[in-house]
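From first to last, the protein sequence lines are chains U and Y. Using numbering that gives the first Met the number 0, read the first sequence as starting at 0 and increasing by one per residue. Using numbering that gives the first Met the number 0, read the second sequence as starting at 0 and increasing by one per residue. In what follows, a single structure is set out as structure tokens and then discussed.
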Amino acid sequence: MKNISLIIGREYRERVFKKSFLITTIMMPLLMILLGAAPTLIMEFVDSEMRNIWVVDESGVVAPQLHSDEEITFTVKEGDLASVLVASSQDEDNFGVLHIGKNIVTDPNAAHLYTTSSSSLVLEESIANQIEKVIETERLKAYNIENLDEILKDVKAEVHLATTRTDQGDDKASSTAVSSLIGMLLGFILYFFLAIYGSMVMQSVIDEKSSRILEVMVSTVKPFEMLMGKVLGVALVAATQVAVWGALIVLFSAVIIPAILPENILQGVQQVQAGGDIGTLAMQQDVSPEMLTAMSSLLDTGHIALMLGAVLLFFVGGFLLYASLYAAVGASVDQAQDAQQLTIPITIPIIAAFVVIMLIMKDPNSPIVFWCSMIPFTSPIVMVARIPSGIPVWEIIVSLVMLYATFVISMWGAAKIYKVGIFMHGSKPTFKDIWRWLRNG
Amino acid sequence: MNIITASHITKRYSVHTALDDVSVEIPRGSVYGLLGPNGAGKTTLIRTITRILLPDEGEICFDGRPIKQSDIYRIGYMPEERGLYRKMKVGDQALFLARLKGMSRHDALVALKEWFERFGISEWWNKRVDDLSKGMAQKVQFIVTVLHKPELLIFDEPFSGFDPINANILKEEILRLRNEGATVIFSTHNMSSVEEICDHITLINKSKNILSGKVDDIRRAHGGNIFSVQYKGESSLLTERVGAICEILESEPSNTSLSTLKVHIPRNEDIRSVVATINDTVELHQFAETIPSMNDIFIQAVRS
Numbered sequence: 000m001k002n003i004s005l006i007i008g009r010e011y012r013e014r015v016f017k018k019s020f021l022i023t024t025i026m027m028p029l030l031m032i033l034l035g036a037a038p039t040l041i042m043e044f045v046d047s048e049m050r051n052i053w054v055v056d057e058s059g060v061v062a063p064q065l066h067s068d069e070e071i072t073f074t075v076k077e078g079d080l081a082s083v084l085v086a087s088s089q090d091e092d093n094f095g096v097l098h099i100g101k102n103i104v105t106d107p108n109a110a111h112l113y114t115t116s117s118s119s120l121v122l123e124e125s126i127a128n129q130i131e132k133v134i135e136t137e138r139l140k141a142y143n144i145e146n147l148d149e150i151l152k153d154v155k156a157e158v159h160l161a162t163t164r165t166d167q168g169d170d171k172a173s174s175t176a177v178s179s180l181i182g183m184l185l186g187f188i189l190y191f192f193l194a195i196y197g198s199m200v201m202q203s204v205i206d207e208k209s210s211r212i213l214e215v216m217v218s219t220v221k222p223f224e225m226l227m228g229k230v231l232g233v234a235l236v237a238a239t240q241v242a243v244w245g246a247l248i249v250l251f252s253a254v255i256i257p258a259i260l261p262e263n264i265l266q267g268v269q270q271v272q273a274g275g276d277i278g279t280l281a282m283q284q285d286v287s288p289e290m291l292t293a294m295s296s297l298l299d300t301g302h303i304a305l306m307l308g309a310v311l312l313f314f315v316g317g318f319l320l321y322a323s324l325y326a327a328v329g330a331s332v333d334q335a336q337d338a339q340q341l342t343i344p345i346t347i348p349i350i351a352a353f354v355v356i357m358l359i360m361k362d363p364n365s366p367i368v369f370w371c372s373m374i375p376f377t378s379p380i381v382m383v384a385r386i387p388s389g390i391p392v393w394e395i396i397v398s399l400v401m402l403y404a405t406f407v408i409s410m411w412g413a414a415k416i417y418k419v420g421i422f423m424h425g426s427k428p429t430f431k432d433i434w435r436w437l438r439n440g
Numbered sequence: 000m001n002i003i004t005a006s007h008i009t010k011r012y013s014v015h016t017a018l019d020d021v022s023v024e025i026p027r028g029s030v031y032g033l034l035g036p037n038g039a040g041k042t043t044l045i046r047t048i049t050r051i052l053l054p055d056e057g058e059i060c061f062d063g064r065p066i067k068q069s070d071i072y073r074i075g076y077m078p079e080e081r082g083l084y085r086k087m088k089v090g091d092q093a094l095f096l097a098r099l100k101g102m103s104r105h106d107a108l109v110a111l112k113e114w115f116e117r118f119g120i121s122e123w124w125n126k127r128v129d130d131l132s133k134g135m136a137q138k139v140q141f142i143v144t145v146l147h148k149p150e151l152l153i154f155d156e157p158f159s160g161f162d163p164i165n166a167n168i169l170k171e172e173i174l175r176l177r178n179e180g181a182t183v184i185f186s187t188h189n190m191s192s193v194e195e196i197c198d199h200i201t202l203i204n205k206s207k208n209i210l211s212g213k214v215d216d217i218r219r220a221h222g223g224n225i226f227s228v229q230y231k232g233e234s235s236l237l238t239e240r241v242g243a244i245c246e247i248l249e250s251e252p253s254n255t256s257l258s259t260l261k262v263h264i265p266r267n268e269d270i271r272s273v274v275a276t277i278n279d280t281v282e283l284h285q286f287a288e289t290i291p292s293m294n295d296i297f298i299q300a301v302r303s
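Here it is, written out as structure tokens:
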């Protein structure tokens, strides 16, 4: 035991007290936030330019109903198209001329935009939309329906489907969009962690083997202690990173979001958490119901902490399972290039799990998703992605038990391969060789 | 008293037998050489003694009783392929390895400081191993091998990779440790070092122990009564007279300096009468028995 703890200590210090660990631990969340905010930021910078468009309307119907907004200003011009075009080309500030034909209501193709520089899809779409609406109203008017304006206003509706889980005791409002998004995100994180930290273990075994320190080590330490110490040491490093991030997320949801959220949403959220009805609260506070559910689940610190706890258990189990397999491969080869072929059977389930979590969006309880969240090799990734959708506790427990049982078996096998493999130098082993080591080890 | 008694050790791998019924007895306080061509099984024998490998058959006794896991703390082992963690600092690494050998942090620090000063490498303490040259790393490796004052030291090819100056330092250190009471086993191809520092040897070839014993006894036993003579005088007359009583192996007459003659004296012939014959015929300058070098014995034993 003393030896294992010495080895764990070395593996842990070796990695955690390195600059790169500090940097990735701090930079990753920042990068995530930046990536999340990127589309909004980009939209902010694009299309902020104001465009002046002169309108020559021969029908006399469209021009009065065109709305100027923060991007386009319409100015109605009298006179024929040719003279307006000439005038427009002399005015540098002018973006172009919109010509509406006389029979625009019956002939929707009679609209034409002349521009002095390249126009954009967004701009054209917005103009076309406005014209379409005008034509629609004009055509409706042609049917001579009484009180048309009121009727039109009256039939407009916007539906928000509020969903409530009734199988979990405290009928909590849930947002399927938010939970499946969180699930996907967690699944991705687990996927990257298993792949990255798993191959970190493999690389470190290969390094020890090629630097020949292993023979010095195994003359005092049993190979099993070496293997166990390494796997647990790296697991501890990964757990440290996850714990730091977990703490950041909890901090974020408990302190930072409430601080920056507008007052009305915050009040709404508090009332939702106190058991209020989302639909009515959204009306009262004048915010969108989607926003309210999303925020209330993000701000439920207790729920998040519980979820992270389950994630950590799956993460550690999955890591131990994959790390033992990666270590066995590392012990079998002399250099990283030789490992590629041998890692294929390990990477296949990881990638399969990655594909399956895409299906969770569609249905978190479909048979393939369910079974993949039970089978130990895919369960760490798939189950973690399912958890935010709210699934029965027994499923989580069964899956965890199977995962840890498989880890014990794989560790036992890996130790046998490791014991033989670390003294094998020279030619690249085949699966047949490894199978023989496993039987004889 | 033997510190290690290995009896009838057999170790098989899937395709070949690395050790076939090998027995060795290593006396306490000796410097014991394991000789043999590449692939003969020396490293496998060492690995069974250090319990890295368990033999398929046979038994290893340490201090007269079967070896057990805790005995490895009394052994210091430096493998042929030297290895250190490349990215660790020298001092941290030495401390880590010393603690794995059961030393306390404090004892290890004190002992390390002493050794680093002895080798004049104290300023390397905070260097990373991959900044050291190969020879420097070997010194560090040597220190961590002997640091915990093991009773039994095992070096696999200790002189490979050392320049002559450092090889000499190493040789002196090995003898010094022997004088302090340690038993030293080392495997080597370097036959001159065997003659210089080994008391006992075992020659392993093709997985078998083909020759064991004290170095002096072995050389004498392989001597075969060959003598070399240096003289001044009539060489044809001498070869004629001496040739009558023993076998002439080599004759190099010289007019300017001493002539030499190499003879094999049969067991039944009295050496004194041969000397008398030579003395009567020519002016005798030297008469000496030729003891074969370990190199000759090695080659002869492996070939036969």
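Glycine is no exception: its CB is placed at the ideal position from the N, C-alpha and C atoms.
- The Cβ-Cβ distance between G32(Y) and I200(Y) falls below 8 Å.
- Chain U places a beta carbon closer than 8 Å to that of K100(Y), counting this residue as a contact.
- Scanning chain Y for C-beta atoms nearer than 7 Å to the C-beta of N2(U) yields L99, reported in chain order.
- Within chain Y, the residues whose beta carbon sits less than 7 Å from that of R9(U) are F95, listed in sequence order.
- At a cut-off of 8 Å between beta carbons, S13(Y) contacts chain U.
- Along the length of the region 164–247 of chain Y, whole alpha helix (DSSP H) runs at least 4 residues long occupy 190–196, 214–220, 234–244, reported in chain order.
- Cα atoms of V128(Y) and F226(Y): separation of roughly 53 Å, rounded to the nearest angstrom.
- By the rule that beta-carbons nearer than 8 Å mark a contact, T182(Y) does not touch chain U.
- Taking 8 Å as the upper bound for CB-CB distance, L185(U) and V383(U) are in contact here, some 5 Å apart.
- Within chain U, the residues placing a beta-carbon under 8 Å from that of T49(Y) are S218, ordered along the chain.
- When DSSP states are grouped into helix, strand and coil, P36(Y) belongs to the coil group.
- When secondary structure is reduced to three states using DSSP, E157(U) falls in the coil class, being assigned neither helix nor strand.
- Under the Cβ distance rule, G82(Y) counts among the residues neighbouring chain U, one pair being separated by less than 8 Å.
- Residue pairing of K126(Y) in beta bridges, as defined by DSSP: absent, with no partner found.
- The beta carbon of R175(Y) does not come within 8 Å of any beta carbon belonging to chain U, so the residue lies off that interface.
- If the five residues before and after L320(U) are omitted, its C-beta is found closer than 8 Å to the C-beta atoms of P375, F376, P379, L402, T405, F406, S409, all from its own chain and listed in chain order.
- When secondary structure is reduced to three states using DSSP, D333(U) falls in the coil class, being assigned neither helix nor strand.
- Between E156(Y) and S121(Y), the C-beta spacing is not below 8 Å.
- Taken through DSSP and simplified to helix, strand or coil, D19(Y) comes out as strand.
- The three-state reading of DSSP puts M201(U) in helix, counting H, G and I together.
- For the pair of segments examined, the region 77–91 of chain Y was found to touch the region 194–212 of chain U: the number of CB pairs separated by less than 8 Å reaches three.
- Contacts between I71(Y) and chain U, judged by CB atoms closer than 7 Å, involve S218, T219 in chain order.
- Under the 8 Å criterion on CB atoms, P78(Y) is classed as interfacial with respect to chain U.
- L84(U): member of the alpha helix (DSSP H) spanning 80–89, first to last residue.
- R211(U) has a beta carbon lying within less than 8 Å of a beta carbon in chain Y.
- G182(U) counts as buried, since no fewer than 16 other beta carbons sit within 10 angstroms of its beta carbon.
- Straight-line measurement puts the Cα of K155(U) at about 37 Å from the Cα of L80(U).
- Nearest to A220(Y) by C-alpha distance, out of L131(Y), I2(Y), P291(Y), I8(Y), is P291(Y).
- Going by DSSP, Q137(Y) is part of the alpha helix (DSSP H) stretching over 133–145.
- Bridge pairing for N51(U): T72(U), N93(U) [DSSP].
- Using beta-carbon distances, R85(Y) counts as an interface residue toward chain U, with a partner under 8 Å.
- Residue ranges of uninterrupted alpha helix (DSSP H) with 4 or more members, entirely inside the region 385–424 of chain U and ordered along the chain, are 392–420.
- Taking a cut-off of 8 Å on C-beta distances, the region 69–77 of chain U does not touch the region 23–36 of chain U, as fewer than three cross pairs fall below it.
- Taking a Cβ-Cβ threshold of 9 Å, the residues of chain Y close to R435(U) are S13, in chain order.
- Using a Cβ-Cβ cut-off of 9 Å, L5(U) is close to F95, R98, L99 of chain Y, given in chain order.
- Beyond the five residues adjoining it in sequence on each side, K231(Y) comes within less than 8 Å, by CB distance, of L257, S258, V281, E282, H284 in the same chain, given in chain order.
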